[in-house]
Amino acid sequence: MLEQIARVLFWLSVGEIAARSGLLPLPAPVTGLILLYAELAVRGKLPDDLGVLADRLLQFLGMLFVPAGVGVIAHLNVLKTEALPILAAIIGGTAITLFVTMVVVNLLGVAIAKRREQELGRLEGAVRDVNS
Amino acid sequence: MREQFAMSTLSQLTNLTWASLADKPVLETGATVFAFLAATRIARLGGNHPLLNPTLLAIILISLGLEATHIPYETYLRGADAVHFMLGPTVVLLAVPLFRQRAIVRASWRLIAIGLAVGMPVGVLSAIGIAWVLGASSQTILSLAPKSVTAGIAVGISEQIGGLQTLTIVLVIMTGITGAVLGPIVARLCRIEDPRVVGLTMGIASHGIGTARALQINEIAGAFSGLGMSMNGVLTAILLPLVYRLL
């Protein structure tokens, strides 16, 4: 398990070096995520302990935002004075995103399914021709 | 004589250890864990409805506690540093579920690519656009930009482009709750039943909170949602600061 903790901290540290040196305009944890994924992809296998560690920690990911989130009490005035644009952007923006994305992805999904059906149909036709 | 010396050094050492431990207040960390635990219980009592988000409930509980005890936020944050520290390593571990889902990615990469190509820019631009038209300050707009991204990554993006990190966290949670509530409603209105489409979209638009709701639809929706969340987070983190610098 310690080995897996070291692995995570290693990639996170690499991400931090890249961020602090101005090499990458990426938050350190995101660079760490990409590098850990790349390592797993190269290995082709997930170490058991790493899976356990991820499952345990990701379970209470929501708790880890609490200390930083409490800091919003210092900006309650922003939330109050700009309540209308904020609420409109969040509710309106999310509704627009959900609607547009769902419709476009669904159209593509239907198109892919239809093409697959056509291919299958053609295949069946060919099989029938061979058999007749 | 030598024994006595050794004893006294030992006791000095013990004192030193205790002193340094006392310097690391456990109160704030404990309060955070307890508040989140209580929030999780409350959410469970309410059938885990998206509006009863444990993170938001815990933030409210701690804020009320700080208000009541007149403890300044900086003191609390210093004390709860252990919890805050875990955020970075845990975000790195998002690579694990992503790696586990690579078979899904290979099978449905076209759907996922289109979902991201549409959902990511629409998510960022619709929020920025609406806030700008309604006269929000530039700091609020920058804090809003990564609103659809999972909070651990969103705070990093917010920092990169000059938003307020703490504001971003709250806006991200509000977005997650909105997406979790609206996702199934929009799907029903559009008569879309494909769990891959619904899940992927909810993950892209409303990250982890949307994913928790998608998991209640079914396992496929949940898997696609988790995938949409992680990939949207990584892509936004790469593209948003880049585009912001170019503008």
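Residue numbers (the numbering used here), protein chains in the order written: chain A, 1 to 132; chain B, 133 to 379.
All C-beta atoms, glycine included, are put in the ideal place defined by N, C-alpha and C.
query                                                                                                             : result
8 Å CB neighbourhood of A/LEU46 in its chain, flanking five on each side removed                                  : LEU40
Local conformation of A/GLY62 per DSSP, three classes                                                             : helix
Proximal chain B residues relative to A/ILE17, where beta-carbon distance stays under 9 Å                         : Those do not exist, as A/ILE17 stays about 13 Å from chain B at its closest Cβ, beyond 9 Å.
Three-state class that DSSP yields for B/HIS181 in the structure shown                                            : coil
Residues in the region 104-118 of chain A having any Cβ partner in chain B nearer than 8 Å                        : VAL104, VAL105, ASN106, LEU108, GLY109, ILE112
Under 9 Å by beta carbon: chain A residues contacting B/HIS202                                                    : The contacting residues do not exist; B/HIS202 stays about 13 Å from chain A at best.
Where B/GLU325 falls: helix, strand or coil (DSSP)                                                                : coil
Listed by chain order, chain B residues near A/GLU82 by CB distance under 7 Å                                     : ALA268, SER269, THR272
Interface positions of the region 209-222 of chain B facing chain A (Cβ-Cβ less than 8 Å), listed along the chain : LEU209, ALA212, ASP213, VAL215, HIS216, MET218, LEU219, GLY220, PRO221, THR222
B/LEU230 (DSSP reduced to helix, strand or coil)                                                                  : helix
Any C-beta of chain A under 7 Å from that of B/PHE356                                                             : no
Separation of B/LEU183 from B/VAL313, as counted between CA atoms                                                 : 8 Å
Cβ of B/THR298 within 7 Å of any chain A Cβ                                                                       : yes
Entirely enclosed alpha helix (DSSP H) segments - the region 320-369 of chain B, minimum 4 residues               : 327-349
Inter-residue spacing [alpha-carbon to alpha-carbon] between A/VAL42 and A/LEU36                                  : 10 Å
Minimum Cβ-Cβ distance from A/PHE65 to chain B less than 7 Å                                                      : yes
B/ILE236 (DSSP reduced to helix, strand or coil)                                                                  : helix
Coarse secondary structure for B/LEU314, derived from DSSP in three states                                        : helix
A/LEU46 (DSSP reduced to helix, strand or coil)                                                                   : coil
Beta-carbon proximity of B/ALA263 to A/PRO85, cut-off 7 Å                                                         : yes
Test: A/LEU120 CB closer than 7 Å to a CB of chain B                                                              : no
Whole-number beta carbon distance between B/LEU226 and A/LEU33, since they are thought to touch under 8 Å         : 5 Å
Inter-residue spacing [alpha-carbon to alpha-carbon] between A/ILE17 and A/ALA28                                  : 8 Å
Three CB pairs or more closer than 8 Å across the region 199-210 of chain B and the region 65-81 of chain A       : yes
Top-ranked residue by Cα proximity to B/LEU371, from B/ARG242, B/LEU230, B/ALA249                                 : B/ALA249
Beta carbon of B/LEU257 nearer than 7 Å to that of B/SER275                                                       : no
Short CB-CB distance (under 7 Å) between A/PHE10 and chain B                                                      : no
Interface flag, B/ILE349 vs chain A, CB-CB below 7 Å                                                              : no
Closest Cα partner of B/ALA350 within the set B/ALA369, B/HIS339, B/ARG328                                        : Checking the sequence shown, residue 350 of chain B turns out to be Asn, not Ala. Of the candidates B/ALA369, B/HIS339, B/ARG328, the one whose C-alpha sits nearest the C-alpha of B/ASN350 is B/ARG328.
Chain B contact for A/VAL100 (CB, 7 Å cutoff)                                                                     : yes
Partner residues on chain B for A/ALA6, Cβ-Cβ distance less than 8 Å                                              : The premise fails here: A/ALA6 is roughly 11 Å from chain B at the closest Cβ pair, so nothing lies under 8 Å.
DSSP three-state assignment for B/ALA212, whether helix, strand or coil                                           : coil
When B/ILE273, B/ARG232, B/GLN297, B/ARG173 are compared against B/THR282, the one with the closest alpha-carbon  : B/GLN297
Rounded C-alpha distance that separates B/ALA259 from A/THR94                                                     : 8 Å
Short CB-CB distance (under 7 Å) between B/MET252 and chain A                                                     : no
Rounded straight-line distance, which links the Cα of B/GLY162 to that of B/LEU198                                : 14 Å
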